[in-house]
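Engineer: Supplied in structure tokens, the structure appears directly below.
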Amino acid sequence: MTTLYYAVGACSLAPHIVLEWIGAPYESVKVNYGSKELLAVNPAGAVPTLREDDGWLLTQAGAILDYLAHKHPEAGLSGGDSLREKAEAHRWSAFFTSDLHAAFWPIFMPYRYTTDESDEAKKAVAEAGQKLVQKQLKVLNTHLEGREWILDGGRSVIDAYAFPMIRWAIKLLPGGLADYPNVQALHDRLAADQSVQTVLARESGK
Ligand SMILES: N[C@@H](CCC(=O)N[C@@H](CS)C(=O)NCC(=O)O)C(=O)O
Numbered sequence: 001m002t003t004l005y006y007a008v009g010a011c012s013l014a015p016h017i018v019l020e021w022i023g024a025p026y027e028s029v030k031v032n033y034g035s036k037e038l039l040a041v042n043p044a045g046a047v048p049t050l051r052e053d054d055g056w057l058l059t060q061a062g063a064i065l066d067y068l069a070h071k072h073p074e075a076g077l078s079g080g081d082s083l084r085e086k087a088e089a090h091r092w093s094a095f096f097t098s099d100l101h102a103a104f105w106p107i108f109m110p111y112r113y114t115t116d117e118s119d120e121a122k123k124a125v126a127e128a129g130q131k132l133v134q135k136q137l138k139v140l141n142t143h144l145e146g147r148e149w150i151l152d153g154g155r156s157v158i159d160a161y162a163f164p165m166i167r168w169a170i171k172l173l174p175g176g177l178a179d180y181p182n183v184q185a186l187h188d189r190l191a192a193d194q195s196v197q198t199v200l201a202r203e204s205g206k
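Residue numbers (the UniProt record's numbering): 1 to 206.
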């Protein structure tokens, strides 16, 4: 059985949702960052990490999502198979990994971005992160104008990838998603999904 190592509130929520959408049997294992259990499967001590029955391990959210979409073509979550559709899926996967996810790091872990240990310095780093997040949300909001899902091929792993980050934005931005109505609409569409609710309940221990 496929096993997903996840942490509560982390980006691992994305492959967790995708596994639920796919509907094939899987196991999800809750771990703590840097724990012995997690380090045994991912030397970076980070989630998500995926393990297959034969011991094969895969890290990096974008790679895991792409793998799951293509391992289960019957679920129709790849966003399409034409050359350009595949390129668009890679484009948005890279956007979430490198642009939006990375923009949250200074907010979550400001101490990694300054050698100044004062609270003021860390606050300034976090504020810079917020500006960066807003910049990337604007890109996503513009793209979503008139669209139901991020890719032309319909609901895909990329929408699941967006979901944890949109939740972080709601929680961490002073104005929430007020300036990003299309992002809010995508969030609401996903939040209304039964599989998404199942995973959120599991992750929060309900
Ligand atoms: N580039 C990696 C980043 C994974 C990552 O850093 N995940 C966070 C949770 S969202 C984590 O495990 N952080 C723990 C840490 O950095 O120590 C990916 O996209 O999978």
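The C-beta atom is built at its ideal place from N, Cα and C for all residues, glycine as well. Nothing here was measured: the structure is a model prediction, and the numbers come from that model.
Within 8 Å, do at least three Cβ pairs link the region 126 to 138 to the region 99 to 106?
Structural biologist: Contact between the region 99 to 106 and the region 126 to 138 is present, because at least three Cβ pairs lie under 8 Å.
Engineer: Would you call the region 173 to 183 in contact with the region 28 to 38, where contact means no fewer than 3 C-beta pairs closer than 8 Å?
Structural biologist: At 8 Å Cβ cutoff, the stretches do not touch.
Engineer: Using 8 Å as the threshold, is the region 183 to 199 in touch with the region 13 to 26, meaning 3 or more CB pairs across them?
Structural biologist: The region 183 to 199, when compared against the region 13 to 26, does touch it at the 8 Å Cβ threshold.
Engineer: Heavy atom of ligand 1 less than 7 Å from the Cβ of G129, yes or no?
Structural biologist: Residue mapping note: residue 129 aligns to position 129 of the sequence shown, counting from 1. No, the beta carbon of G129 sits no closer than 7 Å to any heavy atom of ligand 1.
Engineer: Checking the sheet assignment: what are the DSSP bridge partners for S28?
Structural biologist: Residue 28 sits at position 28 when you count from the first residue of the sequence shown. In DSSP, S28 forms a bridge with L4.
Engineer: Does DSSP put R155 in a helix, in a strand, or in coil?
Structural biologist: By one-based count along the sequence shown, residue 155 stands at place 155. In this structure, R155 counts as coil in the three-state DSSP scheme.
Engineer: Can you give me the Cβ contacts of A61 inside the same chain, cut-off strictly under 7 Å, excluding the 5 residues immediately before and after it?
Structural biologist: Residue numbering aside, residue 61 sits at position 61 when the sequence shown is read from its first letter. Here the set comprises C11, A14, P15, P48, T97, Y161.
Engineer: Candidates A63, L57, A69: which alpha carbon is nearest G153's?
Structural biologist: Numbered from 1 along the sequence shown, position 153 holds the residue referred to as residue 153. If we check each option's Cα against that of G153, A69 comes out closest.
Engineer: Using CA coordinates, which residue listed in N141, S156, I64 is at the minimum distance from P181?
Structural biologist: What you label residue 181 is simply residue 181 of the sequence shown in a count that begins at 1. Among N141, S156, I64, the Cα nearest to that of P181 belongs to N141.
Engineer: Does DSSP put R147 in a helix, a strand or coil?
Structural biologist: Taking the first residue of the sequence shown as 1, we reach residue 147 at position 147. R147 falls in the coil class under three-state DSSP.
Engineer: Could you tell me which of G45, S82, H90 sits nearest to Y67, measuring between CA atoms?
Structural biologist: By one-based count along the sequence shown, residue 67 stands at place 67. Checked all of G45, S82, H90; the closest Cα to Y67 is H90.
Engineer: Answer yes or no: do I17 and V183 have a C-beta to C-beta separation smaller than 8 Å?
Structural biologist: The count along the sequence shown starts at 1 and reaches residue 17 at position 17. The count along the sequence shown starts at 1 and reaches residue 183 at position 183. No, these two residues do not count as a Cβ contact at 8 Å.
Engineer: Less than 6 Å between C-beta atoms, sequence neighbours within five positions excluded: which residues of the same chain meet that for I114?
Structural biologist: Taking the first residue of the sequence shown as position 1, residue 114 is located at position 114. The amino acid at residue 114 is misidentified as Ile; the sequence shows Thr. The answer, listed in chain order, is A121, V125.
Engineer: Out of L186, D53, D159, L132, which one is the CA nearest neighbour of T2?
Structural biologist: As a first step, residue 2 is located in the sequence shown; it is residue number 2 there, counting from the start. Of the listed residues, the one whose Cα sits closest to T2 is D53.
Engineer: Going by Cα to Cα distance, which pick from W168, G79, A201, A7 is closest to Q130?
Structural biologist: Taking the sequence shown and counting its residues from 1, one reaches residue 130 at position 130. Closest by alpha carbon: W168.
Engineer: Drop a sphere of 10 angstroms on the beta-carbon of A191, count the other beta-carbons inside from all chains shown, and report buried for 16 or more, exposed for fewer.
Structural biologist: The sequence position of residue 191 within the sequence shown is 191, counting from 1. Exposed.
Engineer: What is the residue span of the beta strand (DSSP E) that R51 lies within?
Structural biologist: The sequence position of residue 51 within the sequence shown is 51, counting from 1. 49 to 51 is the extent of the beta strand (DSSP E) around R51.
Engineer: What is the rounded straight-line gap between the Cα of A128 and the Cα of F163?
Structural biologist: Against the sequence shown, residue 128 aligns to sequence position 128. Against the sequence shown, residue 163 aligns to sequence position 163. So the two alpha carbons sit approximately 22 Å from each other.
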